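Participant: Line order of the protein sequences matches chains R and B.
Mapped onto our numbering, the consecutive letters of the first sequence carry residue numbers 869 to 1162.
Mapped onto our numbering, the consecutive letters of the second sequence carry residue numbers 11 to 248.
The C-beta atom is built at its ideal place from N, Cα and C for all residues, glycine as well.
Since this is a predicted model, take the numbers as computed values, not measurements.
Structure in structure tokens, see below.
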Amino acid sequence: MSSYLEANARERLALFDSFEEFVSPAQRVVSPHLAQLNAPVAFDDGVVVGRARLGAATVFAAAQEGGFMGGAVGEVHGAKLVGLLRRAVAERPDAVVLLLETGGVRLHEANAGLIAVSEVMRAVLDARDAGIPVIVLIGGSNGAFGGMGIVARCANTLIISEEGRLAMSGPEVIETANGVEEFDSRDRALVWRTTGGKHRYLMGDVHRIVDDSIPSFRAAAMEAIAAAKQGPVALTLEALEVEQHMLEQRIARFGALPDPLDVWAAMGVAKPSDVPMLDVDAFTAAANPHRQGA
Amino acid sequence: MDWNTLANALFPQGHDITEHDQFLSGSATVEGQTATVIGTTGHAPIGVEIALAQAKAILATVRSHPGRPIVMLVDTQGQRLRHRDEMLGINSYMAHLGKCVDLARRKGHRVIGLVYDQALSGGFITSGLMADACYALPDATIRVMALAAMARITKVPEETLTELAKSNPVFAPGPENYLRMGGLQAIWQGDMAASLASALADAPRTDQRSALGLARGGRKMAQPVIDAIMSGTHVRAA
């Protein structure tokens, strides 16, 4: 049993064959802002970055630790991601692999975190522009939310598990702002079918869905690196025009529907209510004829 | 600030900007040259439609007017907080907008952001913060969220955050804090048209914000950490 969900960030590095950390915890590079709030610090500020081997490939990799402030991005955490991506541009690994688990901007470092996330976004696109594919893995219990949900969608390829979640605002935030009738954050089934891996796969926001195991994420990441090199790695006008059309069609087709179950039905999925119960193979088989953006 | 007043001050040589459902778009003349103008007004919540409308205007500019400068006028309360937006994948819409801005920059369009009223969180990260350089007016508000909400989530008393905000730019909403942290290139005083003209002429081609944050003393750790990783050495504290 090697659940990706239950592993912490450093345990997830087992999906690589070797890993050499940049700016290790021994250097004790901690957040300069948390102490004045009497909040705990971490010697890695909640993210591991370094160089790794993945089969025949050399990759640069980062893994966010959901157990530290929900994996949220502060000044140092964000700078480690930016440094990794900029070094990738200089050293040209085969890919950058980001193991995201994060609530987005770390509110304890609000303004610095917001700027940092936008720097990460630009650094991801700089890496792509340099021809280095960026692969995102999402399978931790905190999902990939907020500004990092945006960063994730700047990558070439996203791989998610059913347990993974990808979204912008958390259900609690929406419920607080607009009431329980807008989004009941305690309705776990609703939360999962709105933000979870299966919905994202059907909508075309992620490219692969895998079962919750480190070997499955490893295999999918290796395939994604090989596949990414077959097409253009950088953004192109043509690809963004296609994406524009896809996102327009999504609003036109599904924008008036109240629930993801209705969206799946509108796509033509035979038994939408069965979708949450299917294992990955059965789900993929049922989803592939209907999923968007494929 | 009313966007008409702003547009007339920014573009004395003329503009044809119009508003549709809080989305601003059109063109304007800057130093005799045509620029594309897009933006939002009325503290617009950024939902999937308005993110896509901005992206469409940028792609049309890249497609039909190579090299034409782009000015983004920012006034937003942040991303729209609705179940529908999340169901439709609002993060994908915002990422798409950010990628369109990024593509425009790489294809040689100078992109300038201006926070003329309010900038929050997700509404800012894919607009002004993706520009070559972002500026603000002195009365602008820029933040991730209000201190009261921040206090609730971080469990830090609001009085503590208010007190810290006086000395630490990390918590306070004013544009001068984003300036110190490198998130803003400058705060515009005086002649806005002249400020825009020099911003377009001087637009940096690379992301200099961490270096600016260090030089200005508002973000002292980011650049040393980036440098240490780039060079494979230890972090040198500023």
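(1) Compute the distance between the beta-carbons of L91(B) and A1045(R), then report whether it is under 9 Å.
(2) With DSSP run on the structure shown, which of helix, strand or coil describes H901(R)?
(3) Do you know how far the Cα of D1073(R) is from the Cα of T1152(R)?
(4) Using the C-alpha atoms, what's the distance from G118(B) back to T151(B)?
(5) Between R246(B) and the rest of its own chain, which residues show a CB-CB distance below 8 Å, the 5 nearest in sequence each way excluded?
(6) Any beta carbon from chain R within less than 9 Å of K176(B)'s own beta carbon?
(7) Starting from the Cα of I1003(R), find the closest Cα among K1097(R), S886(R), F1051(R) and give me that residue.
(8) Could you please give me the residues that DSSP links to R29(B) through a beta bridge?
(9) By the three-class DSSP mapping on this structure, what secondary structure does M1090(R) have?
(10) Just the chain B side, please: which residues come within less than 8 Å of I1119(R) by C-beta, in chain order?
(11) Which residues, taken in chain order from the stretch 103–117 of chain B, show a beta carbon closer than 7 Å to some beta carbon of chain R?
(12) In its own chain, which residues sit with a C-beta less than 8 Å from the C-beta of S131(B), not counting the 5 before and 5 after it?
(13) Can you check whether the C-beta of H25(B) is within less than 9 Å of a C-beta belonging to chain R?
(14) What number of angstroms, rounded off, separates the C-alpha of V81(B) from the C-alpha of V965(R)?
(15) Quick check on G1072(R): does DSSP put it in helix, strand or coil?
(16) Using 9 Å as the limit for Cβ to Cβ distance, is G49(B) near chain R?
(17) At a Cβ threshold of 9 Å, is L83(B) touching chain R?
(18) Straight-line CA distance for L1026(R) to L1005(R)?
(19) For a cutoff of 9 Å on Cβ pairs, would you count S986(R) as touching chain B?
(20) Give the range of the alpha helix (DSSP H) segment to which F134(B) is assigned.
(21) Check the C-beta distance from A114(B) over to I163(B) and give it rounded, since I have them as a contact under 8 Å.
(22) Would a check of beta-carbon distances place T926(R) closer than 9 Å to chain B?
(23) Does M82(B) come out as helix, strand or coil in the three-state DSSP assignment?
(24) If you follow the alpha helix (DSSP H) that Y103(B) is in, where does it begin and where does it stop?
(25) How should Q32(B) be labelled, buried or exposed, when 16 other C-beta atoms within 10 angstroms of its C-beta is the threshold for buried?
(26) Is there a C-beta anywhere in chain B that falls below 9 Å from the one on S1029(R)?
(27) For T170(B), write down the residues that DSSP places opposite it in a beta bridge.
(28) Once you ignore the five residues that flank P961(R) on each side, which residues in its own chain have a CB closer than 8 Å to its CB?
(29) In whole angstroms, give me the CA-to-CA distance for M1090(R) and N1024(R).
(30) Could you give the distance in angstroms between the alpha-carbon of E1189(R) and the alpha-carbon of I1042(R)?
(31) Got a sec, what are the start and stop residues for the beta strand (DSSP E) F887(R) sits in?
(32) Which of the three DSSP states, helix, strand or coil, is assigned to P55(B)?
Facilitator: Short version:
(1) To locate residue 91(B), count along the second sequence from 1; it is residue 81. To locate residue 1045(R), count along the first sequence from 1; it is residue 177. Closer than 9 Å, so yes.
(2) Position 33 of the first sequence, counted from the start, is the residue given in the question as residue 901(R). Of the three classes helix, strand and coil, the one that applies to H901(R) here is coil, per DSSP.
(3) Numbered from 1 along the first sequence, position 284 holds the residue referred to as residue 1152(R). Numbered from 1 along the first sequence, position 205 holds the residue referred to as residue 1073(R). T1152(R) and D1073(R) have their C-alpha atoms some 15 Å from each other.
(4) Along the second sequence, one-based indexing puts residue 151(B) at 141. Along the second sequence, one-based indexing puts residue 118(B) at 108. Straight-line Cα distance between these residues: approximately 30 Å.
(5) Within the second sequence, numbered from 1, the residue matching residue 246(B) stands at position 236. Answer for R246(B): P234, D237, A238, listed in chain order.
(6) On the second sequence, residue 176(B) is found 166 positions in, with the first residue counted as 1. For K176(B), the answer is no, since every Cβ of chain R falls outside 9 Å of its Cβ.
(7) On the first sequence, residue 1003(R) is found 135 positions in, with the first residue counted as 1. Here the closest residue by C-alpha is K1097(R).
(8) Translated into positions along the second sequence, residue 29(B) becomes position 19. Reading off the sequence shown, one finds Glu at residue 29(B), where the question assumed Arg. Among the bridge pairs identified by DSSP, E29(B) is matched with L34(B).
(9) For the purposes of this step, residue 1090(R) is identified with residue 222 of the first sequence, where counting begins at 1. Three-state DSSP puts M1090(R) in a helix.
(10) By one-based count along the first sequence, residue 1119(R) stands at place 251. Chain B residues near I1119(R): V58, E59, L62, L98.
(11) Those would be Y103, M104, A105, H106, G108, K109, C110, D112, L113, R116, in chain order.
(12) Start at 1 with the first residue of the second sequence, and residue 131(B) comes out as number 121. The beta carbon of S131(B) is closer than 8 Å to those of G88, Q89, R153, V154, M155 in its chain, skipping five residues each way along the sequence.
(13) Numbered from its first residue, the second sequence carries residue 25(B) at position 15. By this cut-off, H25(B) is not an interface position.
(14) Your numbering for residue 81(B) matches position 71 in the second sequence. Your numbering for residue 965(R) matches position 97 in the first sequence. Their Cα atoms are separated by approximately 34 Å.
(15) Along the first sequence, read from residue 1 onward, the residue named residue 1072(R) stands at position 204. Coil at G1072(R), not helix or strand.
(16) In the second sequence, counting from the first residue as 1, residue 49(B) sits at position 39. Taking Cβ atoms only, chain R never reaches closer than 9 Å to G49(B), which makes this a no.
(17) Taking the second sequence and counting its residues from 1, the one referred to as residue 83(B) is at position 73. Interface with chain R (9 Å Cβ-Cβ cutoff): L83(B) is excluded.
(18) Taking the first residue of the first sequence as position 1, residue 1026(R) is located at position 158. Taking the first residue of the first sequence as position 1, residue 1005(R) is located at position 137. Cα atoms of L1026(R) and L1005(R): separation of roughly 6 Å, rounded to the nearest angstrom.
(19) Against the first sequence, residue 986(R) aligns to sequence position 118. For S986(R), the answer is yes, since a Cβ of chain B falls inside 9 Å of its Cβ.
(20) As a working mapping, residue 134(B) is identified with position 124 in the second sequence. Element bounds for F134(B): 131–135.
(21) Taking the second sequence and counting its residues from 1, one reaches residue 114(B) at position 104. Taking the second sequence and counting its residues from 1, one reaches residue 163(B) at position 153. Incorrect: roughly 35 Å between the Cβ atoms, too far for contact.
(22) If you number the first sequence from 1, residue 926(R) lands on position 58. Taking CB atoms only, T926(R) has no neighbour in chain B less than 9 Å away.
(23) As a position in the second sequence, residue 82(B) is number 72, starting the count at 1. In this structure, M82(B) counts as strand in the three-state DSSP scheme.
(24) Reading the second sequence from its first residue, position 93 is the one you call residue 103(B). DSSP places Y103(B) inside the alpha helix (DSSP H), whose first and last residues are 100–116.
(25) Stepping through the second sequence from its first residue, residue 32(B) is reached at position 22. Q32(B) counts as buried, since at least 16 other C-beta atoms from the protein chains shown sit within 10 angstroms of its C-beta.
(26) Residue numbering aside, residue 1029(R) sits at position 161 when the first sequence is read from its first letter. Taking 9 Å as the CB threshold, S1029(R) stays off the interface with chain B.
(27) Position 160 of the second sequence, counted from the start, is the residue given in the question as residue 170(B). Bridge partners of T170(B): none, in fact.
(28) On the first sequence, residue 961(R) is found 93 positions in, with the first residue counted as 1. Closer than 8 Å at the Cβ level, and outside the excluded window around P961(R), lie R919, A925, T926, V927, F928, I1000.
(29) Here residue 1090(R) refers to the residue found at position 222 when the first sequence is read from its first residue. Here residue 1024(R) refers to the residue found at position 156 when the first sequence is read from its first residue. Using only the alpha carbons, I get a separation of about 13 Å.
(30) Nothing can be reported for residue 1189(R): it is not among the residues displayed for chain R, which extend from 869 to 1162.
(31) Stepping through the first sequence from its first residue, residue 887(R) is reached at position 19. 886–889 is the span of the beta strand (DSSP E), which, as asked, contains F887(R).
(32) Your numbering for residue 55(B) matches position 45 in the second sequence. In the three-state DSSP reduction, P55(B) falls in the strand class (E or B).
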